[in-house]
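> One point on numbering: in the numbering used here, the residue at position 225 of the sequence shown is 467, and numbering is uninterrupted.
Questions regarding the structure given below will be posed in turn.
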Amino acid sequence: MIGASIVSGCGGIQSTLDPAGREAKSIADLFWLMTAGAVFIWIAVILLTVYAARTRSDASNQRRDRFLIVGGGAVVPTVVLTVLLIYGLAPIPTLLAPAPAGSLKIIVSGEQWWWRVRYFPPDGEPFELANEIRLPVGEPVQFQLDSPDVIHSFWIPSLAGKIDMIPGRVTYLSFQPTRIGIYRGACAEYCGTSHAFMNFYVEVIKKEDFSNWLVQQAQPSQPHAEPGAARGQELFLANGCNACHTVRGTPARGVIGPDLTHVGSRLSLAAGTMPNETDAFQRWIAHTSEVKPAVNMPSFHMLPPEEQRAIAAYLEGLK
Ligand code: CUA
């Protein structure tokens, strides 16, 4: 029962023990080998302890005692630790190696508390989105990571190891997803009040779907038929949302907050904190700092609910 619940806890969209990428697999393999070794050694030590407790030492078995002390206390640990060290260091060059030249390149910046994601399609305009990454299955990808102010750590447990995002420096991570699916990433370094509300989704999809997605994301926002959308857009601009947010295809050109051009198509709101639905969007706009304490975005609770709703519906329609 306990065993079953422990094993089921190892699965899911954010588990290093359910790898969906080449690099994550090599880390998981290393984990299991070390766990097996640790269990084996633990059992051996317990057996020796029981043996020692039951045996009386006298002059006649001094040679055997010395053999156990020197062997078990020095020789065996030296051999085991040397082997572990070699085995543990061996995957590092592969894990740190950059993706082959010409691989998909994505720049991610850790912001307080969300992820700025920039794509550079080989035959198209670069574009930006937030808190979401899509990748083609089976293709290596090169991430370039940075942060404007505090240290974050970029971690998608199912796909690769983690690496810090350090102000004033650029760090790199490359990996190759091997299984289609949705995975969850998190910030793995305490970075401020809402560190725990700084997550993102990674969707690994078929290569042709990925090409279509790139084309779609690079496009400006589409005028849509949602009733009230025009009014929502008007309110969005009138209340100054455009000072921080970009919606490509409209006068909104702010760069402080997330690019909202296709925000309605994303898997979550507020960096993995809320479902991407109109109700949640309205709550986010009206009660920003309740949802994400100490966030930079001001709350718009002073707007009449009907206006908050119109802005939420407009943004939700930006697919
Ligand atoms: Cu960003 Cu913790």
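Heads up, the beta-carbon is just placed ideally off N, CA and C, and yes, glycines get one too.
(1) Since F478 and Y361 should fall inside the 8 Å C-beta cutoff, what is the C-beta to C-beta distance between them, to a whole number of angstroms?
(2) On the three-state DSSP scale, how would you describe T324?
(3) Which residues in the same chain as T297 place their Cβ atom closer than 7 Å to its Cβ, once the five residues preceding and following it in sequence are excluded?
(4) Hey, L387 and M407 are a contact pair by Cβ (cut 8 Å); roughly how many whole angstroms apart?
(5) Whose CB is closer than 6 Å to a heavy atom of the ligand CUA? List the residues in chain order.
(6) Does the count of Cβ pairs from the stretch 389 to 398 and the stretch 422 to 441 closer than 8 Å reach three?
(7) Given a cut-off of 8 Å, decide if F439 and W526 are closer than it, judged by their beta-carbon atoms.
(8) State the start and end residues of the unbroken alpha helix (DSSP H) segment that holds D307.
(9) Considering Q524, what are the terminal residues of the alpha helix (DSSP H) in which it resides?
(10) Is it true that the stretch 364 to 379 meets the stretch 330 to 339, where meeting means three or more beta-carbon pairs spaced less than 8 Å apart?
(11) Determine contact between the stretch 343 to 355 and the stretch 314 to 328, defined as no fewer than three beta-carbon pairs at a distance below 8 Å.
(12) Residues in the same chain with beta-carbon distance under 6 Å from P462, minus the five sequence neighbours each way, listed in chain order, please.
(13) Taking A522 and N441 to be in contact with their CB atoms under 8 Å, please state how far apart those CB atoms are, rounded to whole angstroms.
(14) With DSSP as the reference, label H394 as helix, strand or coil.
(15) Report yes if the CB atom of T413 is closer than 8 Å to the CB atom of I405, and no otherwise.
(16) Tell me the start and end of each unbroken alpha helix (DSSP H) in the stretch 396 to 475 that is at least 4 residues and wholly inside, in chain order.
(17) Using beta-carbon positions only, say whether P363 and L502 come within less than 8 Å of one another.
(18) Relative to the C-alpha of S416, which candidate in T258, C252, Q256 and A266 has its C-alpha closest?
(19) Relative to the alpha-carbon of I498, which residue among A316, R358, I269 and P319 has its alpha-carbon at the smallest distance?
(20) Using a Cβ-Cβ cutoff of less than 7 Å, which residues in the same chain neighbour A554 once the five nearest sequence positions on both sides are dropped?
(21) How many angstroms separate the CA atom of G344 from the CA atom of Q384?
(22) What are the boundary residues of the alpha helix (DSSP H) that includes F273?
(23) Among all the DSSP beta bridges, which residues are the ones paired with L509?
(24) Is the CB-CB distance between S453 and G263 below 8 Å?
(25) Which residue marks the beginning of the alpha helix (DSSP H) containing P550, and which one marks its end?
(26) Distance, Cα to Cα, S531 vs L509?
(27) Between which two residues does the beta strand (DSSP E) containing L377 stretch?
Taking the definition as stated:
(1) Position 236 of the sequence shown, counting from 1, holds the residue named residue 478. Position 119 of the sequence shown, counting from 1, holds the residue named residue 361. The Cβ separation is near 24 Å, so there is no contact.
(2) Taking the first residue of the sequence shown as 1, we reach residue 324 at position 82. Reduced to three states, the DSSP call for T324 is helix.
(3) Residue mapping note: residue 297 aligns to position 55 of the sequence shown, counting from 1. Correct list: empty, nothing qualifies.
(4) For the purposes of this step, residue 387 is identified with residue 145 of the sequence shown, where counting begins at 1. For the purposes of this step, residue 407 is identified with residue 165 of the sequence shown, where counting begins at 1. L387 to M407, Cβ: 5 Å. Contact.
(5) G352, W355, H394, C429, E431, Y432, C433, H437 and M440
(6) yes
(7) Indexing the sequence shown from 1 puts residue 526 at position 284. Indexing the sequence shown from 1 puts residue 439 at position 197. Result no, Cβ atoms of W526 and F439 do not sit closer than 8 Å.
(8) Sequence index remark: in the sequence shown, residue 307 carries index 65 (1-based). Q304 to V312 is the span of the alpha helix (DSSP H), which, as asked, contains D307.
(9) Mapped onto the sequence shown, residue 524 falls at position 282. First-last of the alpha helix (DSSP H) with Q524: T520 to A528.
(10) no
(11) no
(12) The residue labelled residue 462 in the question sits at position 220 within the sequence shown. Excluding residues within five positions, the ones whose Cβ falls inside 6 Å are R490 and G491.
(13) Translated into positions along the sequence shown, residue 522 becomes position 280. Translated into positions along the sequence shown, residue 441 becomes position 199. That pair is no contact at about 15 Å.
(14) Counting from 1 along the sequence shown, the entry for residue 394 is found at position 152. Strand at H394.
(15) Looking up residue 413 in the sequence shown gives position 171. Looking up residue 405 in the sequence shown gives position 163. A contact, by the Cβ cut-off of 8 Å.
(16) Secondary structure within the stretch 396 to 475: the alpha helix (DSSP H) runs of 4 or more consecutive residues, fully enclosed, are 449 to 460 (chain order).
(17) Sequence index remark: in the sequence shown, residue 363 carries index 121 (1-based). Sequence index remark: in the sequence shown, residue 502 carries index 260 (1-based). Judged by their CB atoms, P363 and L502 are not nearer to each other than the 8 Å cut-off.
(18) The residue you call residue 416 lines up with position 174 of the sequence shown. When only C-alpha atoms are compared, the closest one is A266.
(19) Within the sequence shown, residue 498 is the residue found at index 256, counting from 1. I498 has its Cα closest to that of R358, out of A316, R358, I269 and P319.
(20) Within the sequence shown, numbered from 1, the residue matching residue 554 stands at position 312. So the qualifying residues of the chain are T520, F523, Q524 and I527.
(21) Counting from 1 along the sequence shown, the entry for residue 344 is found at position 102. Counting from 1 along the sequence shown, the entry for residue 384 is found at position 142. G344 and Q384 have their C-alpha atoms roughly 9 Å apart.
(22) Position 31 of the sequence shown, counting from 1, holds the residue named residue 273. Looking at the DSSP string, the run of the alpha helix (DSSP H) that includes F273 is R264 to R296.
(23) For the purposes of this step, residue 509 is identified with residue 267 of the sequence shown, where counting begins at 1. BP columns for L509 are empty, so no partner.
(24) Residue mapping note: residue 453 aligns to position 211 of the sequence shown, counting from 1. Residue mapping note: residue 263 aligns to position 21 of the sequence shown, counting from 1. Taking a C-beta distance under 8 Å as the contact criterion, S453 and G263 do not qualify as a contact pair.
(25) Stepping through the sequence shown from its first residue, residue 550 is reached at position 308. The residue you asked about is not Pro; residue 550 is Gln in the sequence shown. That run of the alpha helix (DSSP H) goes P547 to E558.
(26) Here residue 531 is taken as the residue at index 289 of the sequence shown, counted from 1. Here residue 509 is taken as the residue at index 267 of the sequence shown, counted from 1. Their Cα atoms are separated by approximately 21 Å.
(27) Against the sequence shown, residue 377 aligns to sequence position 135. Taken as a continuous stretch (DSSP letters only), the beta strand (DSSP E) holding L377 covers E374 to P378.
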